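Beneath this line is the structure, given in structure tokens, with notes to follow.
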Amino acid sequence: MTLGYLISLEQINQLSLTDRQREEIIAFFAARDAELERLYRFDTADTERMVHVMPIMTVVREDKAVQLFTREALQAAAPETDEGYWCVPRVLE
Amino acid sequence: MKYETVIGLEVHVELATDSKIFCSCSAGSYGTEPNMHVCPACCGMPGMLPVVNKRVIDFGMKAGMMLNCHINRTTTFDKKNYYYPDLPSAFQTTQWFAPIAVKGLVEIKTSTGKKGIRIKQIHMEEDAGKLVHDIREDTTHIDFNRTSVPLIEIVSEPDLSSAEEVEAYLDRLKTLLRYARVAECEMAHGTMRCDVNLSVRPEGSNVLGVRSEMKNMNSIEAIKRAIDYETFRHIDAIENGTEELVQETRRWDDIKGMSFAMRTKETAGDYRYFPDPNVMPVVIDDKWYDGIKSSLPEFPEVRFERYTTELGLSEYDARRLTESIALCECFEAACKVTGNPKDCVNWITSEVMSILGVRGITYDQLKLDGNALGELIKLVSDSKVSRVNGRKILDAMFDDGTVSPAEYAASEGLIISTDTDLIDKVVAEVVAADPKSVADYKGGKEKALMALFGKCMRQLKGNCDPQVLRKALIAKINE
Ligand SMILES: [Zn+2]
Numbered sequence: 001m002t003l004g005y006l007i008s009l010e011q012i013n014q015l016s017l018t019d020r021q022r023e024e025i026i027a028f029f030a031a032r033d034a035e036l037e038r039l040y041r042f043d044t045a046d047t048e049r050m051v052h053v054m055p056i057m058t059v060v061r062e063d064k065a066v067q068l069f070t071r072e073a074l075q076a077a078a079p080e081t082d083e084g085y086w087c088v089p090r091v092l093e
Numbered sequence: 094m095k096y097e098t099v100i101g102l103e104v105h106v107e108l109a110t111d112s113k114i115f116c117s118c119s120a121g122s123y124g125t126e127p128n129m130h131v132c133p134a135c136c137g138m139p140g141m142l143p144v145v146n147k148r149v150i151d152f153g154m155k156a157g158m159m160l161n162c163h164i165n166r167t168t169t170f171d172k173k174n175y176y177y178p179d180l181p182s183a184f185q186t187t188q189w190f191a192p193i194a195v196k197g198l199v200e201i202k203t204s205t206g207k208k209g210i211r212i213k214q215i216h217m218e219e220d221a222g223k224l225v226h227d228i229r230e231d232t233t234h235i236d237f238n239r240t241s242v243p244l245i246e247i248v249s250e251p252d253l254s255s256a257e258e259v260e261a262y263l264d265r266l267k268t269l270l271r272y273a274r275v276a277e278c279e280m281a282h283g284t285m286r287c288d289v290n291l292s293v294r295p296e297g298s299n300v301l302g303v304r305s306e307m308k309n310m311n312s313i314e315a316i317k318r319a320i321d322y323e324t325f326r327h328i329d330a331i332e333n334g335t336e337e338l339v340q341e342t343r344r345w346d347d348i349k350g351m352s353f354a355m356r357t358k359e360t361a362g363d364y365r366y367f368p369d370p371n372v373m374p375v376v377i378d379d380k381w382y383d384g385i386k387s388s389l390p391e392f393p394e395v396r397f398e399r400y401t402t403e404l405g406l407s408e409y410d411a412r413r414l415t416e417s418i419a420l421c422e423c424f425e426a427a428c429k430v431t432g433n434p435k436d437c438v439n440w441i442t443s444e445v446m447s448i449l450g451v452r453g454i455t456y457d458q459l460k461l462d463g464n465a466l467g468e469l470i471k472l473v474s475d476s477k478v479s480r481v482n483g484r485k486i487l488d489a490m491f492d493d494g495t496v497s498p499a500e501y502a503a504s505e506g507l508i509i510s511t512d513t514d515l516i517d518k519v520v521a522e523v524v525a526a527d528p529k530s531v532a533d534y535k536g537g538k539e540k541a542l543m544a545l546f547g548k549c550m551r552q553l554k555g556n557c558d559p560q561v562l563r564k565a566l567i568a569k570i571n572e
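Protein chains in written order, with our numbering: chain A, 1 to 93; chain B, 94 to 572.
Next up, the structure:
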């Protein structure tokens, strides 16, 4: 993170930071970069790829159809409906 | 120069589950009123969390195994982002990084012989809603019944090279998935849809040409016409410079018989795929995997072989039965009861198929209990029930799946009478009441006997062995 890049980000996000805040942010990213550098030094060529970062798995449910909501309830807050459909401004097919 | 067509298919198949993939709404939306099978989850309302339907994973695994794929024992879901009103959450939950099945092979047969088509992967995902554009001019109407209905997408390698091969491949997918009972695969119902990727290259070259993609094709005939048209368009562009080919998505207009550019093809990056933080990985343990593996059906050609060699069926009959696994299972159960395969195949290809036809039921939808059919066939072959009354009982079994043929025959008075006193009594009455027919028969008119025979049979409600009745009748006339 450079000062020039940070200032351009400030402009996009309509922020105005003090010089002290800028220094802190640049120092924060510099520390992260140093940590990443250290991580990259590990040789992971023989490490098996993980599918997920945590050893957790989903629960599954039985395949049983239950209708818990009515159309009327779900469409109560809709800006516009017609013959049971939700309506949106026309889109091209 | 000679060219060859290189085709890869992405086939979307709607899985035949009862409920949707991530919520409990009914997945059977065909022909229902709009937005009857919806809930906050499949309408993409904020804060709703998905819960995976186990049977979707079962079916994904089954499909993978039927197509000789490797099954990823840990499989994950990812978000694919795009913004369109048919997708209320603005992302589709699909599989990108670790799909359920990879690296498969499907063998097809065409006029030029056998060929293996490699399967790149099968992934599970949710369907999008339906947009209706023609109700009113100023708005688009949305039906979310179909959102989150489970699909698998079967992605082939670009191993297909003609319309004939594509047809054979789609037929084969349909057969295998129907046999495993994971999907209906009916293009006319939208339960099977197909994206066709096509390019051409000089024959023998191993460099792929510029590729165009035609989305959402839903009839084999249209696909074949589109392939022929696109092949011609690509070759014409290369040979004659009629246009510059670009990688793009095209729309096939089957009425005009032409394809039209829709948009330049998106790349994967445009969809910003990322692991769905709301669905944890699905881990398939050995018990789950083995359970699915052992539930797989015998392949149709293995059955065909067994029916023609071991059971002695004709190739014609074996082919008719193996059209549908429901017919096969009914047949095999009936055979166990009767021990007579030929009798069983006759009943199925005549009476059962005729009732299915009359009632508009497909072979795959057959729910007839094969054991009960076997009992019925036995009643008829043991001369306890006449064939005509057997058909009546079969009809009753279709009306009510719990009907037992023997009990029904007894309660409806359809058991053939062995009571010779009763037969003699009926014959005596009929003969006495119709002296003209008796005289005609004695005068040499064979037809007159049939009239008398019919009258007796009617009085006996069909419950009589025709040979026994005929004998008794002739004996009485000649008395
Ligand atoms: Zn729902």
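Cβ coordinates follow ideal geometry from the N, Cα and C atoms, glycine included. Here the structure is a predicted model, which is why all the values come from computation and not from measurement.
Local Cβ density within 10 Å of residue i, reported as buried at 16 or more and exposed below that
i                      : result
residue 429 of chain B : exposed
residue 127 of chain B : buried
residue 268 of chain B : buried
residue 524 of chain B : buried
residue 74 of chain A  : buried
residue 298 of chain B : exposed
residue 5 of chain A   : exposed
residue 316 of chain B : buried
residue 284 of chain B : buried
residue 86 of chain B  : Residue 86 of chain B is absent from the structure shown; chain B starts at 94 and stops at 572.
residue 85 of chain A  : buried
residue 115 of chain B : buried
residue 68 of chain A  : exposed
residue 352 of chain B : buried
residue 9 of chain A   : exposed
Residue i: first and last residue of the uninterrupted beta strand (DSSP E) it sits in
i                      : result
residue 216 of chain B : 206 to 219
residue 346 of chain B : 341 to 346
residue 197 of chain B : 194 to 203
residue 244 of chain B : 243 to 249
residue 306 of chain B : 305 to 310
residue 223 of chain B : 223 to 225
Span of the alpha helix (DSSP H) around residue i
i                      : result
residue 9 of chain A   : 3 to 12
residue 540 of chain B : 539 to 552
residue 563 of chain B : 559 to 570
residue 528 of chain B : 528 to 535
residue 328 of chain B : 313 to 333
residue 398 of chain B : 393 to 402
residue 258 of chain B : 256 to 272
residue 501 of chain B : 498 to 504
residue 40 of chain A  : 19 to 40
Rounded C-alpha distance that separates residue i from residue j
i                      : j                      : result
residue 98 of chain B  : residue 293 of chain B : 4 angstroms
residue 333 of chain B : residue 177 of chain B : 38 angstroms
residue 157 of chain B : residue 274 of chain B : 13 angstroms
residue 149 of chain B : residue 194 of chain B : 13 angstroms
residue 168 of chain B : residue 39 of chain A  : 27 angstroms
residue 361 of chain B : residue 403 of chain B : 52 angstroms
residue 510 of chain B : residue 522 of chain B : 17 angstroms
residue 556 of chain B : residue 563 of chain B : 13 angstroms
residue 318 of chain B : residue 307 of chain B : 12 angstroms
residue 129 of chain B : residue 187 of chain B : 24 angstroms
residue 554 of chain B : residue 507 of chain B : 7 angstroms
residue 500 of chain B : residue 113 of chain B : 41 angstroms
residue 291 of chain B : residue 378 of chain B : 39 angstroms
residue 3 of chain A   : residue 44 of chain A  : 34 angstroms
residue 215 of chain B : residue 405 of chain B : 38 angstroms
residue 432 of chain B : residue 470 of chain B : 11 angstroms
residue 19 of chain A  : residue 7 of chain A   : 11 angstroms
residue 446 of chain B : residue 416 of chain B : 12 angstroms
residue 89 of chain A  : residue 78 of chain A  : 13 angstroms
residue 66 of chain A  : residue 437 of chain B : 40 angstroms
residue 514 of chain B : residue 552 of chain B : 14 angstroms
residue 1 of chain A   : residue 17 of chain A  : 15 angstroms
residue 302 of chain B : residue 277 of chain B : 35 angstroms
DSSP beta-bridge partners of residue i
i                      : result
residue 87 of chain A  : B:234
residue 171 of chain B : B:187 and B:368
residue 101 of chain B : B:290
residue 435 of chain B : According to DSSP, residue 435 of chain B bridges with nothing at all.
residue 82 of chain A  : A:85
residue 146 of chain B : A:61
residue 353 of chain B : B:344
residue 374 of chain B : Partner(s): none; residue 374 of chain B has no beta bridge.
Ligand 3 heavy atom lying under 7 angstroms from the CB of residue i
i                      : result
residue 182 of chain B : Ligand 3 is not part of this structure, which contains only ligand 1.
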